[in-house]
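Keeping their order, the protein sequence lines are chains A and B.
Just so you know, my numbering puts 294 at position 294 of the first sequence, and the rest follows in order with no gaps.
Convert by adding 517 to the 1-based position in the second sequence; the result is the number in my numbering.
As structure tokens, the structure follows; a few thoughts come after it.
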Amino acid sequence: MKIYVPRDAAALGVGADQTAEGLVAEARRRGIAVELIRNGSRGLLWLEPLVEVDVGGTRMAYGPVQSEDVAGLFDADFTSGKPHALSHGVTAEIPYLKRQERLTFARVGITDPRSLEDYKEHGGYRGLAAALAQKPADIIAGVTASGLRGRGGAAFPAGIKWKTVLGTPGTQKYIVCNADEGDSGTFSDRMLMEGDPFVLIEGMTIAGLATGATQGYIYLRWEYPQAKAALEAAITAAAAAGYLGRNIQDSGKAFELEVRMGAGAYICGEETSLLESLEGKRGQVRFKPPLPAIEGLWGKPTVIGNVITFASVPIIMDRGGEFYQHFGMGRSRGTLPMQLAGNIKQGGLVEIAFGMTLRELLYDFGGGSFSGRPIRAVQVGGPLGAYHPESQFDTPLDYEAFAAIKGMLGHGGIVAFDDSVDMAAQARYAMEFCAIESCGKCTPCRIGSTRGVEVIDRLIAGENAAKQEAILRDLCETLTYGSLCALGGLTPYPVISALNHFPQDFVKPVRASSAAG
Amino acid sequence: MSNQTSRRVIPIQVEPPSSLSATERSAVLDSCARLKKLPGALLPILHSVQEALTYIPKDAIPLIARELNLSIAEVHGVVTFYHYFLQERPGRHVVHLCRAEACQALGSVALEAHAKATLGIDFHGTTRDGAITLEPVYCLGNCALGPSMMVDQRLHGRITPERFDALMTQSREST
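So this is what it looks like as structure tokens:
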């Protein structure tokens, strides 16, 4: 009898360990032999802890299962897939899951993330096998043909980045994975690293073969200890089986991989700050050029990319660039794992081809707000993304379509707010966040963010409001054009979008909200 | 890397005066000895020191600087840049409360006020009984099940004021 209980951090946060312990103890008490598998999360996070039972090869879902529900589940004979109040039928048939197009997340929640055997049984390392049979330029041609763009937020074509590194001579080259997923509302990197760490390792290894890089680093945020454990276990297993090391699968090619921990600095998600941090320094942004592809880590040619970008490479190698390119719309090809977060009834991970509208995602998948009140504003793309009012909910999820409405898809995080939100407080927070997280290099970001908080305070207090608004807009323009990186450059997005779409929140005696924190 | 080993430094002071205890000192030196060969060793060393001592004591900085052949200013600059590195000895448990947008959408601003009021401290403060240090954090990657917080290295989701109080009681009772 196989029972699955996720070890995903989100599941653990709502008691998955206690549920797992309860299941094992209760099974023992009843004399039922149980094999417990700690899988990743299926991404139906409102159902966590989601317990699955294997009934004749079909997985049946029950959730959310707390430890106190366990005895009742056994009484209802859930091990035979019998109905119970928490039953959701066959997992794969749950509409939220069935409507998705899972390419990058194909195995997450299904396999045992600690088992290399399981990974291979589910199509793992087929991409690497294909890559090992190709010349570097051909691997890169495949990635380019797929249309894959960086999934961290900037959406730069991955193939072009790789080609630059391949074409730059260097005695040592590096592959760096940006796993400093700091955007609020995003957790796809975490879920992938915890639920299918081998696919990231495989993707980075392929990038190494394609560019001649022999050393890789995964720069992981400290807030993700479960991901660290999963990655380190997977790296050990992959190295023991000859998938990492000096001679990968007897090809004569080398690739080593190491996990490095960040220390709580949002700015280190910016690629050049991350490189500084990896070098053991303050995470201060570098000037570009030189691009990291030419002078990256320790001045050497470096491919730096997001977790989801690397993790999308194995399936592209295995099924071909054409297959991946077939998904999506316009210049946004393939799939994007969207993350439904904040005040949402059915929060979780939705991997779909580009092109679905925000409204479909919020209501068809998300089921509306968690509080039951109307959704008033949605922030897309993390703390530097714009706030969108209901009138923009029909925008398709596509890089260019969001750019056209002065927003950005970023890393695919969607944070819903109900009608109790105070948008002036959200605008103020955006400036405050920029002040806290600024690396200090550019004056508009370092000082302008603090001045921004003060101006917003005066604006909402109604001190010569028209003048304050003009100053705020002018300040935002200075931030946009006077900052080296996206932190200073994009902080105006949430501020100005809040001001433009929700001006009524800025003119008032402030409602007794806690804008001052 | 290579230019670091070839750099010549004339030591001004062999061993700076220090308030570190013998155990603290050896924990710092152990971390350095174990990790200093790594390229970009400073962050791994600081993580290791904080894991051993719960914070980075001020007097650990000159020692680390000496071991890595860096200036005290360089090490100090790194310690103070990163929010995760604590410069004061924390309480027995460190609570990281998420302040980011997804948690705000589920009432984290009120939760934060509750936490500060019941613990009687602000962010970066430690309760008078030395049990709990409260730190802000900007996203724990649990954005569909907020408000979220971490107690030591353990994540908790769907935190209500009642659950917060229960977790604090539980923490105070544990060592």
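Every residue, glycine too, gets a C-beta built ideally from N, C-alpha and C.
Check                                                                                                                                                                                        : Outcome
Hey, which unbroken runs of the alpha helix (DSSP H) at 4 residues or more fall wholly within the region 605-634 of chain B?                                                                 : 618-621
Tell me, please, whether the region 53-61 of chain A touches the region 73-90 of chain A by the rule of three or more beta-carbon pairs shorter than 8 angstroms.                            : yes
From A/Asp17, A/Lys163, A/Ser438, pick the residue whose C-alpha is nearest to that of phenylalanine 598 of chain B; which is it?                                                            : A/Ser438
Under a three-way DSSP split, which group does isoleucine 447 of chain A fall into?                                                                                                          : coil
Which residue marks the beginning of the alpha helix (DSSP H) containing glycine 321 of chain A, and which one marks its end?                                                                : 321-325
Return the CA-CA distance between valine 668 of chain B and leucine 220 of chain A, expressed in angstroms with no decimal places.                                                           : 19 angstroms
Alpha carbon to alpha carbon, what distance is there between lysine 553 of chain B and alanine 241 of chain A?                                                                               : 29 angstroms
Identify every run of the beta strand (DSSP E) within the region 288-316 of chain A, keeping only runs that are complete inside it and at least 3 residues long; order them along the chain. : 302-306
Which residues, in chain order, does the region 588-615 of chain B contribute to contact with chain A at a C-beta distance below 7 angstroms?                                                : Gly594, Val595, Phe598, Tyr599, His600, Tyr601, Phe602
With a threshold of 8 angstroms between beta-carbons, can histidine 631 of chain B be considered close to chain A, or not?                                                                   : no
In three-state DSSP terms, what is methionine 1 of chain A?                                                                                                                                  : coil
Output the boundary residues of the beta strand (DSSP E) element that contains isoleucine 175 of chain A.                                                                                    : 174-179
I'd like to know whether the C-beta atoms of valine 108 of chain A and leucine 200 of chain A end up nearer to each other than 8 angstroms.                                                  : no
Measure the C-alpha to C-alpha separation of glycine 624 of chain B and tyrosine 429 of chain A and round it to an integer number of angstroms.                                              : 14 angstroms
Report the rounded CA-to-CA distance for alanine 141 of chain A versus glycine 328 of chain A, giving the unit in angstroms.                                                                 : 19 angstroms
Would you identify the three-state DSSP class for arginine 675 of chain B, choosing helix, strand or coil?                                                                                   : coil
Hey, quick one: how far does the alpha helix (DSSP H) through tyrosine 655 of chain B stretch, first residue to last?                                                                        : Run containing tyrosine 655 of chain B: none; DSSP gives neither H nor E here.
For proline 444 of chain A, which residues in the same chain have their Cβ closer than 6 angstroms to its Cβ, ignoring the five residues on either side in sequence?                         : Thr478, Leu479, Gly482, Ser483, Gly488
Taking C-alpha atoms, which residue in A/Thr236, A/Ala353, A/Pro383 lies nearest to glutamate 181 of chain A?                                                                                : A/Pro383
Decide if methionine 60 of chain A is buried, meaning its Cβ has at least 16 other Cβ atoms within 10 Å, or exposed.                                                                         : buried
Decide if the region 282-301 of chain A is in contact with the region 447-461 of chain A; the criterion is three or more beta carbon pairs, one per stretch, under 8 angstroms apart.        : no
Beta-carbon of asparagine 659 of chain B versus every beta-carbon of chain D: anything under 8 angstroms?                                                                                    : Structure shown: chain D not included; protein chains present are A and B.
Quick check: the Cα distance between leucine 563 of chain B and histidine 411 of chain A, rounded to an integer number of angstroms?                                                         : 30 angstroms
Of all Cβ atoms in chain A, is any one closer than 8 angstroms to the Cβ of histidine 641 of chain B?                                                                                        : no
Suppose the cutoff is 8 angstroms on Cβ atoms and the five residues either side in sequence are ignored; what does the same chain contact list for threonine 362 of chain A look like?       : Per the sequence shown, the amino acid found at residue 362 of chain A is leucine instead of threonine. Once the five neighbours on either side are set aside, the close Cβ partners of leucine 362 of chain A are Leu340, Ile344, Gly368, Ile375, Val378, Phe393, Ile414, Ala416.
How about the region 348-360 of chain A and the region 457-466 of chain A: do they share at least three Cβ pairs that are nearer than 8 angstroms?                                           : no
Would you give the residue range spanned by the alpha helix (DSSP H) that tyrosine 62 of chain A belongs to?                                                                                 : Here tyrosine 62 of chain A belongs to no alpha helix (DSSP H); instead the beta strand (DSSP E) covers 58-62.
Please report whether the beta-carbon of proline 197 of chain A lies at a distance below 8 angstroms from any beta-carbon of chain B.                                                        : no
Short of 8 angstroms in beta carbon distance, which residues of its chain neighbour alanine 130 of chain A, apart from the five on each side in sequence? Order them along the chain.        : Met317, Asp318
Using Cβ-Cβ distances below 9 angstroms, what residues of the region 168-184 of chain A are close to chain B?                                                                                : Glu181, Gly182, Asp183, Ser184
Going by the beta-carbon positions, is the gap between leucine 50 of chain A and glycine 63 of chain A smaller than 8 angstroms?                                                             : yes
Beta-carbon separation of glutamate 202 of chain A and leucine 275 of chain A under 8 angstroms?                                                                                             : no
Which runs of the beta strand (DSSP E) spanning at least 3 residues fall entirely within the region 222-270 of chain A, listed in chain order?                                               : 256-261
Give the residues of chain A in contact with arginine 675 of chain B, contact being defined as C-beta atoms less than 9 angstroms apart.                                                     : Gly13, Val14
Could you tell me if valine 176 of chain A is buried or exposed, where buried requires 16 or more neighbouring beta carbons within 10 angstroms of its beta carbon?                          : buried
Using beta-carbon positions only, say whether asparagine 178 of chain A and proline 113 of chain A come within less than 8 angstroms of one another.                                         : no
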